[in-house]
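Numbering (my numbering), first residue to last: 68 to 221.
Note that beta-carbon positions come from the ideal geometry of N, C-alpha and C, so glycine has one too.
The block underneath contains the structure these notes are about, expressed in structure tokens.
Dropping the structure here:
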């Protein structure tokens, strides 16, 4: 037995439409949407009467997926300070590689995102930053400078 691939990361949101708009603006594509409910969903989640809507977003290369989940019943639960600080236990962030981090930040800000810290350079390898998106989701953005240098110099 071994893990074959990462299928998706799931994020619970309160405003599904706003989340879809935000991640579409950053370049993800809507793969599909569906309501989820029934005995099987109750059993796997250990929640009776579960009713959610999901939107599956995918990266353009088709290898990465982000599942956006809106709970209708029972309502989503938030614990602790909101938005949660960077050192909160649990899922830290979801990172996407972008071709231009400055343009991606500008797009995120135009769609309600907020820059968490600064855009920084890690050696001559990456330009990185964190933006806070819908429901306080921390989205890491990474621009591979080696790839850019290859495009410019190639």
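About 10 Å separates the CB atoms of residue 179 and residue 86; that is not less than 8 Å, and the two are not in contact.
Residue nearest to residue 101 within the set 141, 158, 134, 175 is 134 (criterion: CA-CA distance). Between residue 124 and residue 98, the CB-CB gap stays under 9 Å.
In the structure shown, the three-state DSSP call for residue 182 is strand. Put simply, the segment 166 to 175 does not touch the segment 104 to 119. Fewer than three CB pairs are less than 8 Å apart.
Spatial neighbours of residue 204 in its own chain (CB-CB distance under 6 Å, excluding positions within 5 residues in sequence) are listed in chain order as 78. Ranked by how close their Cα comes to the Cα of residue 115, the residues 142, 128, 76, 199 have 142 in first place.
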